[in-house]
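Chemist:
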Amino acid sequence: MKKKTKRVLRIILIAFLAIIVVSCAVFFYYFPVRLYFHTLKVNTKEIVEADILFDDTIHFKNNGQHIVFKAELNGKPDSLIYDTGDNSIITLMYTPGTRPKEMKFYRVRVTGFEKKSSVKITTLYAKVGTEKIYNTEIGQAVLFPEQPLCENYTISDHHLLGLESLNIGHEFLDFTNSEIRFVNYKEPIDTTGFVPVKCTYEQRVLWVYPQINGVEYKCIFDTGNGRAGFVLKGEQRVENPKTNDYVYEGSYGTGINGQTNKQRFVDAPNERFSIAEADKETDIIYVKNLPHNNMGLKAISQFDWIISMVSDPPKLYAKPHINNEVNPYHAVRYKLIVDNGKLKILTRLIDGNESFKVGDRIVSVNGDKITEENICYYFDLLSESNDWSGFDIKVK
Numbered sequence: 226m227k228k229k230t231k232r233v234l235r236i237i238l239i240a241f242l243a244i245i246v247v248s249c250a251v252f253f254y255y256f257p258v259r260l261y262f263h264t265l266k267v268n269t270k271e272i273v274e275a276d277i278l279f280d281d282t283i284h285f286k287n288n289g290q291h292i293v294f295k296a297e298l299n300g301k302p303d304s305l306i307y308d309t310g311d312n313s314i315i316t317l318m319y320t321p322g323t324r325p326k327e328m329k330f331y332r333v334r335v336t337g338f339e340k341k342s343s344v345k346i347t348t349l350y351a352k353v354g355t356e357k358i359y360n361t362e363i364g365q366a367v368l369f370p371e372q373p374l375c376e377n378y379t380i381s382d383h384h385l386l387g388l389e390s391l392n393i394g395h396e397f398l399d400f401t402n403s404e405i406r407f408v409n410y411k412e413p414i415d416t417t418g419f420v421p422v423k424c425t426y427e428q429r430v431l432w433v434y435p436q437i438n439g440v441e442y443k444c445i446f447d448t449g450n451g452r453a454g455f456v457l458k459g460e461q462r463v464e465n466p467k468t469n470d471y472v473y474e475g476s477y478g479t480g481i482n483g484q485t486n487k488q489r490f491v492d493a494p495n496e497r498f499s500i501a502e503a504d505k506e507t508d509i510i511y512v513k514n515l516p517h518n519n520m521g522l523k524a525i526s527q528f529d530w531i532i533s534m535v536s537d538p539p540k541l542y543a544k545p546h547i548n549n550e551v552n553p554y555h556a557v558r559y560k561l562i563v564d565n566g567k568l569k570i571l572t573r574l575i576d577g578n579e580s581f582k583v584g585d586r587i588v589s590v591n592g593d594k595i596t597e598e599n600i601c602y603y604f605d606l607l608s609e610s611n612d613w614s615g616f617d618i619k620v621k
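Below is the structure:
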């Protein structure tokens, strides 16, 4: 009886494994996923493939929206954004005109903050390193539509280096000197002048717990989010804005693939937030529908940080940034995007003086029809002007 039972169980196991093998074969036949080797070198130094004691430094530029530093991709000079809100080692962003010829992409559907979208991605085997730092992980690449030339950035500026790529030592995120310094994880952390910050590491994301107007919020520590100091879920604030708040309609982010929506959000300048025993001031975007709260670069850059991801749980320390300059807030009446040769309104300020709607396509300015030749000129002209009353603008 026991032999018969074992035989039946063996047959069931073999049948189950056969089903798995066939299912995988069918999946990869219809959805081919190719793995590509991709080498990234920071500061154009050779990668050292060794577990050594190290101290190393990456110098960066804080452009107010991102932390950007120079790198080498596919043998060509390029740039990377250090995005601590990205839970992958690296995300490379290409357009059809910039992608490597050997890199094939497959289409997947994703749900973003605004609506469902279809994107093309692939996986890659990424080597990430500096002169002394080395790390290897699986990353991803995303294929976007061609970026319009009149945007003030290129698609390569959006290659993202995630938090996990550089978590092999104690990391000093130093905004005073615009550099990221790494210290061997076996060495003790010099926290002189720093204050411990409450943090957790969940879903491969670093979370912090600042207080906004006396209320604690759980926020992603996100240097890749430079839109505001914070982006918070705050339905009450959106429904009942304060006197000094600016109420907007449209997309609070960047319209993905030209998508627009008409949700309302509040931009609140000069809000008080507290972290690391210090009270600071920044602007906060309050949104009704939000999967999580974000502490963005405008708030993060007011401090210097020590991040120790090699600890379990991780440790985070901060001290107020000595160059404590906060750019004055300017309310933008309209925000534009260029989508497939069209100039569209992405966001508008709601103050009773709005003349155009979100999603309107500008077809002419002062009688001059928008064309491929002049669209960048008018994109810059209108984006730099906060008063369109002096223009004769026709929309469709």
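Okay, so the sequence shown: first residue is 226 according to our numbering, each after it adds one.
Even for Gly, the Cβ is constructed at its ideal location relative to N, Cα and C.
Just to check my reading of the structure: Ala543 and Ile500 have Cβ atoms closer than 8 Å, yes? What is that Cβ distance to the nearest angstrom?
Modeler: Here residue 543 refers to the residue found at position 318 when the sequence shown is read from its first residue. Here residue 500 refers to the residue found at position 275 when the sequence shown is read from its first residue. Confirmed, Cβ separation roughly 7 Å.
Chemist: Need the endpoints of the alpha helix (DSSP H) that Phe407 sits in, please.
Modeler: Working through the sequence shown from its first residue, we reach residue 407 at position 182. Run containing Phe407: none in the alpha helix (DSSP H); it sits in the beta strand (DSSP E), 404 to 409.
Chemist: If you drop the 5 nearest sequence neighbours on each side, which residues of the same chain put their C-beta closer than 6 Å to that of Arg462?
Modeler: The count along the sequence shown starts at 1 and reaches residue 462 at position 237. Correct list, in chain order: Val491, Tyr511.
Chemist: What are the start and end residues of each continuous alpha helix (DSSP H) run of 4 or more residues lying completely inside the stretch 451 to 477, in chain order?
Modeler: Listed in chain order, the complete alpha helix (DSSP H) runs (minimum 4 residues) inside the stretch 451 to 477 are 460 to 464.
Chemist: Output the distance between the C-alpha atoms of Phe455 and Gly289, rounded to the nearest integer angstrom.
Modeler: Stepping through the sequence shown from its first residue, residue 455 is reached at position 230. Stepping through the sequence shown from its first residue, residue 289 is reached at position 64. Taking the straight line from one Cα to the other gives about 14 Å.
Chemist: Quick one: is Arg497 buried, meaning 16 or more other Cβ sit within 10 Å of its Cβ, or exposed?
Modeler: On the sequence shown, position 272 is the one that residue 497 refers to. That one is exposed.
Chemist: Ends of the beta strand (DSSP E) at Asp605?
Modeler: As a working note, residue 605 is residue 380 in the sequence shown. Unbroken run through Asp605 is the alpha helix (DSSP H), 600 to 609; no beta strand (DSSP E).
Chemist: So what does DSSP say about Glu327, is it helix, strand or coil?
Modeler: Against the sequence shown, residue 327 aligns to sequence position 102. Three-state DSSP puts Glu327 in coil, outside helix and strand.
Chemist: Report yes or no: do three or more beta-carbon pairs, one from the stretch 462 to 472 and one from the stretch 532 to 542, lie closer than 8 Å?
Modeler: Because the criterion of three Cβ pairs below 8 Å is not met, the stretch 462 to 472 and the stretch 532 to 542 do not touch.
Chemist: Comparing the C-beta of Gly418 with each C-beta of chain B, is any distance below 8 Å?
Modeler: This model lacks chain B altogether, as it is built from one protein chain only.
Chemist: Apply the 10 Å Cβ neighbour rule to Glu427 and answer buried if 16 or more other Cβ atoms are within range, or exposed otherwise.
Modeler: In the sequence shown, residue 427 corresponds to position 202, counting from 1. So Glu427 ends up on the exposed side.
Chemist: Should the stretch 317 to 328 be called in touch with the stretch 555 to 563, which here means at least 3 C-beta pairs below 8 Å?
Modeler: Output reads no: the stretch 555 to 563 does not touch the stretch 317 to 328.
Chemist: Taking the runs of the alpha helix (DSSP H) that are 4 residues or longer, which of them lie wholly in the stretch 485 to 529?
Modeler: Runs of the alpha helix (DSSP H) inside the stretch 485 to 529: 522 to 525.
Chemist: Tell whether a beta-carbon distance below 8 Å holds between Asn514 and Ile445.
Modeler: In the sequence shown, the residue the question calls residue 514 occupies position 289. In the sequence shown, the residue the question calls residue 445 occupies position 220. Contact flag unset, no.
Chemist: Looking at Gly449: is its Cβ nearer than 8 Å to the Cβ of Asp585?
Modeler: Your numbering for residue 449 matches position 224 in the sequence shown. Your numbering for residue 585 matches position 360 in the sequence shown. In this structure, Asp585 does not lie closer than 8 Å to Gly449 by Cβ.
Chemist: For the beta strand (DSSP E) holding Ile427, just list the boundary residues, first then last.
Modeler: Walking along the sequence shown from the start, residue 427 turns up at place 202. A small correction: the amino acid at residue 427 is Glu; Ile does not occupy that position in the sequence shown. Unbroken beta strand (DSSP E) run through Glu427: 424 to 427.
Chemist: Can you give me the Cβ contacts of Asn495 inside the same chain, cut-off strictly under 6 Å, excluding the 5 residues immediately before and after it?
Modeler: Along the sequence shown, one-based indexing puts residue 495 at 270. Excluding residues within five positions, the ones whose Cβ falls inside 6 Å are Glu506.
Chemist: Helix, strand or coil: how does DSSP classify Glu396 here?
Modeler: Here residue 396 refers to the residue found at position 171 of the sequence shown. Reduced to three states, the DSSP call for Glu396 is strand.
Chemist: Of all the options Ile306, Val583, Leu607, Leu574, which has the alpha carbon lying nearest to the alpha carbon of Val590?
Modeler: Here residue 590 refers to the residue found at position 365 when the sequence shown is read from its first residue. Closest option to Val590, Cα to Cα, is Leu607.
Chemist: Taking Thr401 as the reference, which of Phe616, Gln527, Ser614, Thr572 has the closest Cα?
Modeler: Residue mapping note: residue 401 aligns to position 176 of the sequence shown, counting from 1. It is Gln527 whose Cα lies nearest to the Cα of Thr401.
Chemist: Could you tell me if Ala556 is buried or exposed, where buried requires 16 or more neighbouring beta carbons within 10 angstroms of its beta carbon?
Modeler: Taking the first residue of the sequence shown as 1, we reach residue 556 at position 331. The residue is exposed, with fewer than 16 neighbouring Cβ atoms inside 10 Å.
Chemist: Following the continuous beta strand (DSSP E) through Ile570, name the residue where it begins and the one where it ends.
Modeler: For the purposes of this step, residue 570 is identified with residue 345 of the sequence shown, where counting begins at 1. Element bounds for Ile570: 567 to 574.
Chemist: Considering only C-alpha positions, which residue in the set Asp529, Asp303, Leu541 is nearest to His384?
Modeler: What you label residue 384 is simply residue 159 of the sequence shown in a count that begins at 1. His384 has its Cα closest to that of Asp303, out of Asp529, Asp303, Leu541.
Chemist: Which term fits Gly592, buried or exposed, when burial requires 16 or more other beta carbons within 10 angstroms of its beta carbon?
Modeler: Position 367 of the sequence shown, counting from 1, holds the residue named residue 592. Label assigned to Gly592: exposed.
Chemist: With distances taken between CB atoms, is the gap from His284 to Ser403 smaller than 8 Å?
Modeler: Position 59 of the sequence shown, counted from the start, is the residue given in the question as residue 284. Position 178 of the sequence shown, counted from the start, is the residue given in the question as residue 403. Yes, the Cβ-Cβ distance between His284 and Ser403 is below 8 Å.
Chemist: Report buried or exposed for Lys423, applying the criterion of at least 16 other Cβ atoms within 10 angstroms of its Cβ.
Modeler: Residue mapping note: residue 423 aligns to position 198 of the sequence shown, counting from 1. The residue is exposed, with fewer than 16 neighbouring Cβ atoms inside 10 Å.
Chemist: For Ile595, tell me which candidate among Leu386, Ala524, Leu568 has the shortest Cα-Cα distance.
Modeler: Numbered from its first residue, the sequence shown carries residue 595 at position 370. If we check each option's Cα against that of Ile595, Leu568 comes out closest.
Chemist: Helix, strand or coil, according to DSSP, for Glu441 in the structure here?
Modeler: One-based indexing of the sequence shown puts residue 441 at position 216. Correct three-state label for Glu441: strand.
Chemist: Looking only at its chain, what residues have a beta carbon closer than 7 Å to the beta carbon of Ile600, apart from the 5 residues adjacent to it on each side?
Modeler: As a first step, residue 600 must be located in the sequence shown, where it is residue number 375. Cys375, Val563, Gly566, Leu568.
Chemist: Determine whether the beta carbon atoms of Gly364 and Ile437 lie at a separation below 8 Å.
Modeler: Within the sequence shown, numbered from 1, the residue matching residue 364 stands at position 139. Within the sequence shown, numbered from 1, the residue matching residue 437 stands at position 212. No, the Cβ-Cβ distance between Gly364 and Ile437 is not below 8 Å.
Chemist: State the CB to CB distance for the pair Met625 and Ala296, rounded to an integer number of angstroms; the pair is presumed to be in contact (CB under 8 Å).
Modeler: Since the displayed the chain opens at 226 and closes at 621, residue 625 lies outside it and no answer follows.
Chemist: Around the Cβ of Gly475, are there at least 16 other Cβ atoms within 10 angstroms (buried) or fewer (exposed)?
Modeler: Mapped onto the sequence shown, residue 475 falls at position 250. Classification for Gly475: buried.
Chemist: Below 7 Å CB to CB, which residues in the same chain sit around Phe616 once its five sequence neighbours on both sides are set aside?
Modeler: Taking the first residue of the sequence shown as 1, we reach residue 616 at position 391. Contacts found: Val590, Asn591.
Chemist: Is the Cβ-Cβ distance between Ile414 and Ile570 less than 8 Å?
Modeler: Taking the first residue of the sequence shown as position 1, residue 414 is located at position 189. Taking the first residue of the sequence shown as position 1, residue 570 is located at position 345. In this structure, Ile570 does not lie closer than 8 Å to Ile414 by Cβ.
Chemist: Inspect the beta-carbon positions of Tyr471 and Arg489 and report whether they are closer than 8 Å.
Modeler: In the sequence shown, counting from the first residue as 1, residue 471 sits at position 246. In the sequence shown, counting from the first residue as 1, residue 489 sits at position 264. Going by C-beta atoms, Tyr471 is not nearer than 8 Å to Arg489.
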